[in-house]
Each structure stands twice: as structure tokens, then as C-alpha cells.
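Contents: one structure, followed by commentary.
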Amino acid sequence: MPGPLQSYQLFFRTKRYTITMFNLPVSILLYSCLIWAVQPTLVKGKNVVSLIAYKDSNGKLHKRIAPEEFPPRDYDIQSNSDELGYMRVRDSSRPSIKLDNVFGTQQRRQQEFSAELFPLSLESKLSLVKDVQIFAGYVRNDVETYKKISDPNEDLIIIAPTDRAVSGLTSKPWQFPNNIEQLEREGATEKELDSAIQENISKFVRSHIVAYNDDKNSYERISPGCTLLQSIDFTENRGDNSEHSGDILLKKEGDAYYVASTRDEKFHVIEKIENGSNGIILTVNFSLIWP
């Protein structure tokens, strides 16, 4: 009877060569498989925006953001091994946030919290939601925010616009509110253009993420079933004369949840809810900011 470390033969064939691995313990094979599975996510998380500098027919300098390519992925198989690249573990005294916590309809109790073996945190979850990959790309290019969604001890609400919603904007997220074309016409330097583009990216990303906390610094329940939230961008740039104490409205009607910007107070249904170890991803078919 073979023992637990019985050997296996693995055959990998291509058109030009055959690699044979044999007499490998099961533990080594499993470790190799896990490393192979997590590698795309770790590399993907380091992607940065590529800016293309070019001159028009008049010799004038322009900046454009290079199209971001996302490697194909089987979204039907969501492996928990994505989290293996991050060795930090969430503090067991911090229960994971649930959406009903925001409305005060569910109490967060220590005894209700149970850590998964390999819980997916938001940076891994976001890469698996196939409808929001444009937004996910922008998140990866805001270094500070990406660090935040990778932190297992954060409690975040990501309101992620779909690819269709982002593509439907009259300007690309990196083009506003700083008017890049106008800066180009005015002769801005390459460094100034880079800085303006990065500011636009950060504002777009941070306008869709809430750093939730229980001491009510980031939210206010304004009526039964309706809560006013503060995005990270609002918190960072709020002035004393701000008309509102938040910039995102979240409400619940029956079993459905809705989100709106305080800019127009037009509610949109939340299409999908993904729970991560350090927050929630709410998929919506609109953008919270626009040109």
C-alpha cells in the first residue's frame, strides 16, 4: 500500500518537447501547483499605467494612456490560492464587514467571525470580478489605494463601476477633472501632464471607495434604510463649506440595495455583491463621478 508521499508522474507535452517529472513527493507537487496558480495575480497587481508621449503633425507634445491588456482568465474557477502572495493575516478580533452593518440591521460580534483558511482580500477579489476590469486596472495604478485594499485589517466598501459604465463616460477617467487636452494646448511639460493624469486616476478610484469604520466617521444614517457615506476622496479633500457631510448615498428597499451620488441623488441598483476578508465589492452600472 503506497504511503502518503507516494510518487506521481506528470507529463507536460507541447509540439516541440516533452518534459517528464517523476518521483516527486505529493507535498512538493501541491506546493508547485499553488505557486503556479498565484503567480498571475501577483504579477498583475504590480501593473502600472503606461503613458505614451507623441508629437502631432505640428510637433506638439501629447500624452496618452496606453491600453491596458488583461490576461485571459477562467472566471468560473476562483482559486483561494490568490491570497497566498500576501502573508499578512487579518486580526481575528476584527469581524469582516457585511453590507447590513452599514444600515445597523446586523450586529458585528466577535463570536460570529470565523476566518477562512485562505480568505480572499479585496485586491484578489477585484481581479476576479470580470465585469469591472477597467476599474480594477485604475485601482492598481493608484499605489496608495492598492496598498489599502491589500491590507487585511482594512474595512472597505468598493463601489465598482462596470466596464460598460466606464466606457460610456464622455471622457476617460484619466482625462478629468484636470483637462489633459487643455493642458497640452497650453504647453504643459511632460512632468506636469504625468502629474495631472495621476491626480485624475487617484480621484476616480478614491471616489468609489469608502473606508468604513464603526465610530461613524465615514457614514451617517440619514433615514431608516438610507445611509450617507464618505468616499476616500471626499475625506481627503472635504472643505469646511462642503454642502454635504458625505458624497455617496446607499439605501436598502426590501431585498435590493441601491447607490447614488449626492451630486444628482439618482439611485442605481447594486447588481452584484462580493464579500472579501477586508471589505465588500458592490458592482454598479454607473460611475459615481463624471465629467
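In the UniProt record's numbering, the protein residues as written are 1 to 291.
Beta carbons: idealized from backbone N, C-alpha and C, even for Gly.
Item to check | Option in Ser-231, Asn-285, Gly-276 with minimal Cα separation from Phe-267 | outcome: Here residue 267 corresponds to residue number 267 of the sequence shown, with the count starting at 1. Comparing Cα positions, the closest option is Asn-285.
Next on the checklist: Rounding to the nearest angstrom, what Cα-Cα distance links Glu-190 and Pro-173 in this structure?
Outcome noted: Numbered from its first residue, the sequence shown carries residue 190 at position 190. Numbered from its first residue, the sequence shown carries residue 173 at position 173. Glu-190 and Pro-173: Cα-Cα distance of roughly 19 Å.
Next on the checklist: Alpha carbons only, please: which of Phe-234, Phe-176, Cys-226 is nearest the one belonging to Ala-256?
Outcome noted: Indexing the sequence shown from 1 puts residue 256 at position 256. Here the closest residue by C-alpha is Cys-226.
Next on the checklist: Counting beta carbon pairs with one atom in the region 232-239 and one in the region 264-278, are three or more of them shorter than 8 Å?
Outcome noted: no
Item to check | Option nearest Gln-198 by Cα separation, candidates Asn-141, Asn-237, Asp-163 | outcome: By one-based count along the sequence shown, residue 198 stands at place 198. The residue with the shortest Cα to Cα distance from Gln-198 is Asn-141.
Next on the checklist: Taking the beta carbon of Pro-152 as the centre, do at least 16 other beta carbons fall within 10 Å, making it buried, or is it exposed?
Outcome noted: Position 152 of the sequence shown, counted from the start, is the residue given in the question as residue 152. The residue in question, Pro-152, is buried, as its Cβ has 16 or more Cβ neighbours within 10 Å.
Item to check | Ala-260, enclosing beta strand (DSSP E) - first and last residue | outcome: As a working note, residue 260 is residue 260 in the sequence shown. Where Ala-260 is concerned, the enclosing beta strand (DSSP E) stretches over 256-261.
Checklist entry - What residues in its chain sit with their C-beta under 8 Å from that of Ile-280, if we drop five residues either side in the sequence? => result Residue mapping note: residue 280 aligns to position 280 of the sequence shown, counting from 1. Only Ile-97, Lys-98, Leu-99, Leu-156, Ile-157, Ile-158, Ile-273, Glu-274 meet the Cβ criterion.
Next on the checklist: Can you look up Val-38 in the DSSP assignment and give me helix, strand or coil?
Outcome noted: Here residue 38 refers to the residue found at position 38 when the sequence shown is read from its first residue. Legend: pLDDT at Val-38 = 43, less than 50; position of this residue unreliable, value from coordinates given subsequently. Val-38 falls in the helix class under three-state DSSP.
Checklist entry - What is the DSSP secondary structure of Arg-221, reduced to helix, strand or coil? => result By 1-based counting over the sequence shown, the position of residue 221 is 221. It is a strand residue.
Item to check | From Glu-243, Leu-250, His-208, Ala-211, residue whose alpha carbon lies closest to that of Leu-228 | outcome: Walking along the sequence shown from the start, residue 228 turns up at place 228. Looking at the Cα atoms, Leu-250 is the closest of the given residues.
Item to check | Nearest-angstrom Cβ-Cβ length linking Tyr-146 and Ile-201, presumed shorter than 8 Å | outcome: By 1-based counting over the sequence shown, the position of residue 146 is 146. By 1-based counting over the sequence shown, the position of residue 201 is 201. About 11 Å; that fails the 8 Å criterion.
Item to check | Burial state of Gly-246, where buried means 16 or more other Cβ atoms lie within 10 Å | outcome: Your numbering for residue 246 matches position 246 in the sequence shown. Counting Cβ neighbours within 10 Å, Gly-246 comes out buried, since at least 16 surround it.
Item to check | Assigned exposure category for Ser-287 - 16 Cβ within 10 Å defines buried | outcome: Taking the first residue of the sequence shown as position 1, residue 287 is located at position 287. Buried: at least 16 other Cβ atoms inside 10 Å.
Next on the checklist: Between the alpha carbons of Glu-253 and Asn-178, how many angstroms are there, rounded?
Outcome noted: Within the sequence shown, the letter at position 253 stands for residue 253. Within the sequence shown, the letter at position 178 stands for residue 178. Glu-253 and Asn-178: Cα-Cα distance of roughly 37 Å.
Item to check | With 16 other Cβ atoms within 10 Å as the buried cut-off, status of Ile-222 | outcome: Locating residue 222 in the sequence shown gives position 222, where the first residue counts as 1. Burial call: exposed.
Item to check | Identity of the residues DSSP links to Ala-211 by a beta bridge | outcome: Walking along the sequence shown from the start, residue 211 turns up at place 211. Answer is Leu-156, bridged to Ala-211.
Item to check | Nearest-angstrom Cα separation, counted from Pro-224 out to Lys-203 | outcome: Sequence index remark: in the sequence shown, residue 203 carries index 203 (1-based). Sequence index remark: in the sequence shown, residue 224 carries index 224 (1-based). Cα to Cα, Lys-203 sits roughly 30 Å from Pro-224.
Item to check | Distance CB(Ser-218)-CB(Ile-289) smaller than 7 Å | outcome: The residue given as residue 218 occupies position 218 in the sequence shown. The residue given as residue 289 occupies position 289 in the sequence shown. Not in contact: Ser-218 and Ile-289 (Cβ atoms no closer than 7 Å).
Checklist entry - Which residue from Leu-122, Ser-195, Glu-144, Lys-148 puts its Cα closest to that of Ile-180? => result Here residue 180 refers to the residue found at position 180 of the sequence shown. Checked all of Leu-122, Ser-195, Glu-144, Lys-148; the closest Cα to Ile-180 is Ser-195.
Item to check | Same chain, Cβ closer than 7 Å to Val-269, neighbours up to 5 away in sequence not counted | outcome: In the sequence shown, counting from the first residue as 1, residue 269 sits at position 269. The residues are Ala-256, Tyr-258.
Checklist entry - CA-CA distance, Phe-176 and Pro-291? => result Within the sequence shown, residue 176 is the residue found at index 176, counting from 1. Within the sequence shown, residue 291 is the residue found at index 291, counting from 1. The straight-line gap from Cα to Cα measures roughly 6 Å.
Checklist entry - Going by DSSP, what residues sit across from Asn-275 in a beta bridge? => result Position 275 of the sequence shown, counted from the start, is the residue given in the question as residue 275. According to DSSP, Asn-275 bridges with Ile-280.
Checklist entry - Taking C-alpha atoms, which residue in Ser-121, Gln-133, Pro-161 lies nearest to Ser-150? => result Position 150 of the sequence shown, counted from the first residue, corresponds to residue 150. Among Ser-121, Gln-133, Pro-161, the Cα nearest to that of Ser-150 belongs to Ser-121.
Checklist entry - Enumerated in chain order, which unbroken segments of the alpha helix (DSSP H) with a length of 4 residues or greater are wholly contained in the region 134-213? => result 143-150, 163-167, 180-185, 190-206
Item to check | Buried or exposed by the 16-neighbour rule on C-beta atoms within 10 Å, applied to Val-166 | outcome: Along the sequence shown, one-based indexing puts residue 166 at 166. Under this definition Val-166 is a buried residue.
Item to check | Bounding residues of the beta strand (DSSP E) (the contiguous stretch that carries Glu-253) | outcome: The residue given as residue 253 occupies position 253 in the sequence shown. Here the beta strand (DSSP E) through Glu-253 covers 248-253.
Item to check | Beta bridge counterpart(s) of Leu-229 as assigned by DSSP | outcome: Translated into the one-based positions of the sequence shown, residue 229 becomes position 229. According to DSSP, which records beta bridges pairwise, Leu-229 is partnered with Tyr-219, Ile-248.
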